[in-house]
Amino acid sequence: MRTATRRKFWRTVQTLIIVIAAAVMIVPIVWIFMAAFKSHVDVYQLKLLFKPTLANFAAVFAEPYKLGDKLINSTIVATVTVVIAIPVATLASYSFSRFRLRGETTMLVMILATQFVPAVVIVLPFFVMFRDVGLLDTRTGLVLVNLAIVMPFAIWMIKGFIDGIPIDTEEAALVDGSTRMQVIRNIVLPMAAPGLITSGIFCFIIAWNEFLFALIITNKDAVTLPIGLALFKAEEGDLWNLLSAAGIIIMLPMFVLALIIRKHFVQGMTMGAVR
Amino acid sequence: MASIRLKNITKRWGDFVAVDNQSLDIEDQEFLVLLGPSGCGKTTTMRMIAGLEEPTEGEVWIGDRMVNDELPKDRDVAMVFQNYGLYPHMSVFDNIAYPLKIRKSAPKARIPELVRKAADRVELLQFLERRPRELSGGQRQRVALARAIVREPQAFLMDEPLSNLDAKLRVTMRAELKHLSHELQITTVYVTHDQIEAMTLADRIGVMNDGRIRQLGTPDEIYNDPANIFVADFIGSPSMNLIQGAVDRNCFVTAGGQQLTETPASDLDRAVLGVRAEDIAVVRLGSTDVDARVYAAENTGENVVLTLQLGEQRITCKEDRYLKFSINERIGLRFDSSKTYLFEPDSGARIRQ
C-alpha cells in the first residue's frame, strides 16, 4: 500500500515537471500565435476570446515592411547553403570515414574547433573582408558565411551516418565491378539518404535562423527574415501584432521541416545489410 | 577460370607484419582453404587477391596477368563476405543482378534469366522480390552466394562465409557449398578458422600462423602428417597431446621417466611427442610400461574423453563410449609408434627419421 502511494506521488511529480517544461516552451508560441491574429489594441490584453484578423499578415507584406523580399532572401540563402553544403560535406565525410588520411584526426578536430570560436569574435573581420571584396549586403556573402557555419556540423553529422554503413557492403560492390564513384552513387548515397536529408534540414534551419552575421553584413538588399523582425520597432513601441505575424512566417517552415526530420530520424540505417 | 599465384607477398601496417613474404600457387579449379587462428593473415591474403588490400611487397597473379595495379573490379573475381555485404536498399533480384548490370557483361535482356538461374541454384527463387532484411541469416548468405555465381568469374573468394550462421545451418550450408563447388568447378579460395570446414571442403589446406603458411597440403596430409607443432596442435579436436620428454636408446621417455613408445630417432636430450587422443589405447594396468591416473572422464555421447595425469603432465584420450572410468582410477596406456610424431621443442619442427 505504501509503495503504491509513493509511486502515485512520484508519478504526479513527474507529470507536473513535464507539464511545466512543456508550458515554458509552448506558452510563448501560443502567445505569438494569438497575437498574430489580434488587432493592435487587443495585443496587450490577455483575453483568449477576440475577433481574429488577417490584417497583420497583409500589413507585414505591404510597404514599408515588405517582408516578402526578406522571405525570398532567406529562402534563397538557406536553400543555396544546403545545396552546396550537403554534397561537399558528403564527399568530405566519405573520405574521412573510408580512407586513412595523413593527419585525419587533426583535421577533424580542427573542423570541429572552428565551431568553438564565438561568432562575435570573427564577425568584424568578416565585415572588413566582405567590404573589401564587395560582398557586403549580398546573398552570396550570406551564403559564404552560412557555409562556414554549417559545413563543420554537416561533415561531422554525415560522417556519423556513413560510418554506420557496413564496409563489407561497399567492398562487395567494388569486387562486383563498381568504380569508387559508382559505389558512392549506387550504394552509399541511397543508404545514407535518411542521414543526408536530416543533415540538410538541420543546415537549412541553422541558415534560416542565422542572425548575427546577417545583422552585421546586410543592411538593405540582402536582409533576411530574422533581421526583418527588427523593422517592427516603431516610435510608438514594439508592434507586437506585426512581430508575431512575421514570427509565424519564420516558424512555419521550421515546423514542417521538424516533422519531416522526425520521420527520417527514427528510420533504421543499415536495414539488414549484415547479420 | 584461372590459377592464382602469389609471389613473395608481404603486407605491413607500420611495424605490424600481417603477411610475411608468402608465396602460394593455387591451381585452376582448385578449392584451397586458408585456415588459421584470428589475426594469422589469412583474410589479408585473400583481400590482396581481391584487390581490397595492396601488398607492401610481392606480386599477385590471376591467370597470366599480374594484377597488382588492377582495381578490384578489373580482377574479375567474386567474393562472399562474412557479413554478406548485401545491398539493403535493393531487392534480392537486384542484389544478384548488380554485378551483371554494373559490368555490362551480359546483354540486358538476358539478365532476368541469369539471375533466376543463379537464384535457382541456391533455392532462392521464391524470395526474389524481398529485401535482405526480410530474410533469415541462411537465406542472406545464399543471396551473397547467388550474387557470386551469377557471372562466371575467374575465381571465388570466400571470407568466413558460414561463421555467422548457427551451428545446424552451418552444417547444411557446408554441404551445399561442397556440392556447388563440385558443380561449378571454379578456382576457390576459402578463409576460415573452423578446421571442420577446412577438412571437409578443401582440396588443399594452407594452415597459417603469424603471417606465414605453416603447412600446405591435402586434408589427409595436414591431419596425419603434420609438419610442425603448430599444425599438429591446431588441427584436431581435442587437440593433439604434446608430451615433453627425451629420446633415449630409441625410446621416448617422459620427463617423469616413463617409457612411452619406441621411436627410430637417435638420442635427444629434449623432444616433444605428439599423439592424438584417439590413438592412445587404454589397457589393463600393468600390461604395458605406461600407467596414468584418471583426472576426469567426460561422456560426450559419442565417446568418453579422458583427461589423464601422466607424471607431471595432463593428456587427453578418447575411448569407447561404453567404457566406465572413475576419477583417480589407475589405468595402463599403450601408444602406437606409427601414430606418434616427434617434434623439436624449440623450433617446433617435425623430427623425421
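Residue numbers (our numbering), protein chains in the order written: chain A, 48 to 322; chain B, 70 to 422. Every residue, glycine too, gets a C-beta built ideally from N, C-alpha and C.
Closest by CA to residue i, which one among the options?
i	options	result
residue 269(A)	52(A), 102(A), 118(A), 242(A)	118(A)
residue 412(B)	187(B), 341(B), 370(B)	341(B)
residue 106(A)	58(A), 297(A), 292(A)	292(A)
residue 160(B)	362(B), 189(B), 313(B), 201(B)	201(B)
residue 234(A)	212(A), 254(A), 252(A), 255(A)	212(A)
residue 272(B)	126(B), 131(B), 102(B), 417(B)	102(B)
residue 127(B)	134(B), 91(B), 97(B), 150(B)	91(B)
residue 100(A)	246(A), 142(A), 238(A), 289(A)	289(A)
residue 237(A)	137(A), 301(A), 194(A)	137(A)
residue 77(B)	93(B), 330(B), 71(B)	93(B)
residue 306(A)	271(A), 244(A), 59(A)	244(A)
residue 236(B)	256(B), 221(B), 371(B), 265(B)	265(B)
residue 190(B)	175(B), 122(B), 242(B)	242(B)
residue 347(B)	402(B), 382(B), 333(B), 125(B)	402(B)
residue 139(B)	277(B), 89(B), 119(B)	119(B)
residue 241(A)	308(A), 261(A), 202(A), 82(A)	308(A)
residue 421(B)	335(B), 378(B), 299(B), 398(B)	335(B)
residue 153(B)	215(B), 169(B), 286(B), 131(B)	215(B)
residue 383(B)	213(B), 362(B), 156(B), 194(B)	362(B)
Considering just the uninterrupted stretch of the alpha helix (DSSP H) at residue i, what are its terminal residues?
i	result
residue 290(B)	288-293
residue 377(B)	First-last for residue 377(B): 373-379, but that is the beta strand (DSSP E), not the alpha helix (DSSP H).
residue 141(A)	114-145
residue 238(A)	236-256
Does the CB of residue i have a neighbour CB from chain B at under 9 Å?
i	result
residue 224(A)	yes
residue 238(A)	yes
residue 151(A)	no
residue 215(A)	yes
residue 209(A)	no
residue 92(A)	no
residue 219(A)	yes
residue 205(A)	no
residue 233(A)	yes
residue 141(A)	no
residue 162(A)	no
residue 317(A)	With a pLDDT of 39 at residue 317(A), under the threshold of 50, the modelled position of that residue is not reliable, and the figure given next carries that caveat. Chain B contact via Cβ: present.
How many whole angstroms separate the CB atoms of residue i and residue j, which I take to be in contact at a CB cut-off of 8 Å?
i	j	result
residue 263(A)	residue 174(A)	5 Å
residue 316(B)	residue 228(B)	No, residue 316(B) and residue 228(B) are not in contact; Cβ-Cβ is about 43 Å, not under 8 Å.
residue 376(B)	residue 391(B)	No, residue 376(B) and residue 391(B) are not in contact; Cβ-Cβ is about 19 Å, not under 8 Å.
residue 423(B)	residue 247(B)	It is not possible to answer for residue 423(B), since the shown part of chain B is limited to 70 through 422.
residue 239(B)	residue 231(B)	5 Å
residue 132(A)	residue 194(A)	6 Å
residue 303(B)	residue 314(B)	That pair is no contact at about 22 Å.
residue 165(B)	residue 147(B)	About 11 Å; that fails the 8 Å criterion.
Is residue i close to chain A, meaning its C-beta is less than 9 Å from at least one C-beta of that chain?
i	result
residue 259(B)	no
residue 238(B)	no
residue 213(B)	yes
residue 87(B)	no
residue 226(B)	yes
residue 265(B)	no
residue 171(B)	yes
residue 107(B)	no
residue 345(B)	no
residue 83(B)	no
residue 73(B)	no
residue 216(B)	yes
So residue i is in the beta strand (DSSP E); what residue range does that whole segment cover?
i	result
residue 342(B)	337-344
residue 259(B)	257-261
residue 76(B)	73-82
residue 401(B)	399-404
residue 92(B)	85-95
residue 191(B)	Premise fails: residue 191(B) is in no beta strand (DSSP E) and is neither H nor E.
residue 275(B)	273-278
residue 385(B)	382-388
residue 360(B)	359-368
residue 224(B)	224-228
residue 316(B)	310-316
residue 413(B)	Segment: none, residue 413(B) is in no beta strand (DSSP E) and carries neither H nor E.
residue 100(A)	Residue 100(A) -> no beta strand (DSSP E), and no H or E assigned at all.
Closer than 8 Å to a non-hydrogen atom of the ligand MN - does that hold for the CB of residue i?
i	result
residue 259(B)	Among the components modelled here there is no ligand, and therefore nothing to report on the ligand MN.
Can you confirm whether residue i, when its beta carbon is compared against all beta carbons of chain C, has any partner nearer than 9 Å?
i	result
residue 306(B)	Protein chains in the displayed structure are A and B, and chain C is not among them.
Interfacial residues, the stretch 120-147 of chain B to chain A, with Cβ spacing under 9 Å: Of all residues in the stretch 120-147 of chain B, only 120, 121, 140, 141, 142, 143, 144, 145, 146, 147 place a beta-carbon less than 9 Å from a beta-carbon of chain A.
Relative to chain A, which residues along the stretch 149-168 of chain B have a C-beta separation below 7 Å, given in chain order? Listed in sequence order: 150, 152, 153, 154, 155, 156, 157, 158, 167, 168.
Pull out every residue of the stretch 374-403 of chain B whose Cβ sits closer than 8 Å to any Cβ of chain A, in chain order. Listed by position, the residues of the stretch 374-403 of chain B near chain A (Cβ gap below 8 Å) amount to none.
What residues in the stretch 188-201 of chain B bring their beta carbon closer than 9 Å to a beta carbon of chain A? So the close ones are 200, 201.
Listed from N- to C-terminal order along the chain, which residues in the stretch 61-73 of chain A have their beta-carbon within a distance smaller than 8 Å of any beta-carbon of chain B? Residues passing the 8 Å Cβ filter: none.
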